[in-house]
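This report refers to the structure that appears directly beneath it.
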Amino acid sequence: MVPADNSDNSGVGGGLGRTITFSNDRAYTANNQATLSPKDQEKVATSVETAIEEKGKLEEKVKSVDITEHLMSIDEVCAKYSVKVNPERPQDSPGLGEQQAAELLLRNGPNTLTPPKKKSGFHKFMICLSSLFNLMLIAAGILEYILLAIDYKDNKANIYMGAILIVVAFLNAGVEWYQQRKSENTLAALLKMIPAKTHVVRDGRLVSIASAEVVVGDVLFLRMGDKVPADCYVFAGSDLKVDNS
């Protein structure tokens, strides 16, 4: 939660730290309202209702944000995750213990994103079949059979032409589906061969582990070119630059 500023909390504005409050009588007493015309009173009521609406939206926005570590000091973050660091000499930070990290990994699970739902092979084949070129071939084949039904005697050749066009569309979709599946399998095999590694401090020692084994509270050591494996709180750095591309 954002700390309130007790200096003045009677209106909107003043930054994120200011509490927004409104009285039940819409901030106007009977005497004040008596001096206003009905039109002005209506404007005031509308303004107050708008302000109350904005207050509700701001409160909902604050509630929806569950990451608050950036608002804490380094000591508060360390206390929250039961980890020890040395901001003055980061290289001497003890970090988490191996046993503590193993328990956190077992409790919270691996540091991996939930994979998207995979499409079935049939679904992928239908996507390939529904490409514009294949649909045109199928439509041309159906048109051949329509002409055949209109005049069977003079359009007997349309039996073979329609079948050929439709078969070519299915073959083209099959080849495209096979190539996509082969590429996906090759990429998956390469990713498994080269797992992502991350340097962390465990029991005061710098060790290299798989990024999936990073747990909440780990002290990370990132070098130039390293990928950030998780949301991090930066407490020390030298010439730090981040590429979000």
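In the working numbering, the protein residues as written are 332 to 576.
A virtual CB, placed ideally from N, CA and C, is assigned to each residue, including glycine.
Check: Taking the Cβ atom as the reference point for each residue, do V573 and V550 lie within a distance shorter than 8 Å?; Outcome: no
Check: Is L478 close to chain B, meaning its C-beta is less than 8 Å from at least one C-beta of that chain?; Outcome: Given the protein chain composition of this structure (a single chain), no chain B is represented.
Check: Output the distance between the C-alpha atoms of N489 and I469, rounded to the nearest integer angstrom.; Outcome: 13 Å
Check: Tell me whether the beta-carbon of L435 lies closer than 8 Å to the beta-carbon of V547.; Outcome: yes
Check: How would you label A504, buried or exposed, when you count the other beta carbons within 10 angstroms and need 16 or more for buried?; Outcome: buried
Check: May I ask which residues mark the beginning and end of the alpha helix (DSSP H) holding L436?; Outcome: E429 to N439
Check: Hey, would you say P425 sits closer than 8 Å to G535, going by beta carbons?; Outcome: yes
Check: Return the residue from the list H530, N465, D562 and S542 that minimises the CA-CA distance to M555.; Outcome: H530
Check: I need the straight-line Cα distance from A527 to F552, nearest angstrom please.; Outcome: 14 Å
Check: Who pairs with I540 in a beta bridge, going by DSSP?; Outcome: T529
Check: With F552 as the anchor, note down where its beta strand (DSSP E) starts and where it stops.; Outcome: V550 to F552
Check: For R512, is the beta carbon positioned less than 7 Å from some heavy atom of the ligand ZN?; Outcome: As presented, the structure is devoid of all ligands, the ligand ZN included, so that no description of it is given.
Check: Taking the alpha carbon of Q422 as the reference point, which residue from D570, A543 and F566 has its own alpha carbon closest?; Outcome: F566
Check: Could you check if N465 is buried or exposed, using at least 16 other CB atoms within 10 Å of its CB as the buried criterion?; Outcome: buried
Check: Could you tell me the boundaries of the alpha helix (DSSP H) in which F453 lies?; Outcome: G452 to L460
Check: Can you give the Cα-Cα distance for A480 and V499, rounded to whole angstroms?; Outcome: 22 Å
Check: Measure the C-alpha to C-alpha separation of L502 and S514 and round it to an integer number of angstroms.; Outcome: 19 Å
Check: Kindly identify the DSSP beta-bridge partner or partners of K411.; Outcome: According to DSSP, K411 bridges with nothing at all.
Check: For a quick check, are the C-beta atoms of C545 and A561 less than 8 Å apart?; Outcome: Reading off the sequence shown, one finds Val at residue 545, where the question assumed Cys. Yes; because the gap between Cβ atoms is below 8 Å, this pair is in contact.
Check: Using DSSP with H/G/I as helix, E/B as strand and the rest coil, what is G426?; Outcome: strand
Check: Taking the C-alpha atoms as reference points, what is the distance between S413 and K455?; Outcome: 47 Å
Check: In its own chain, which residues sit with a C-beta less than 7 Å from the C-beta of D557, not counting the 5 before and 5 after it?; Outcome: none
Check: Could you tell me the alpha carbon to alpha carbon distance between N516 and D406, rounded to whole angstroms?; Outcome: 46 Å
Check: Take N575 and list the residues in its own chain whose beta-carbon comes closer than 8 Å to its own, dropping the five residues that flank it on each side.; Outcome: none
Check: In this structure, how does DSSP classify T517 when only helix, strand and coil are distinguished?; Outcome: helix
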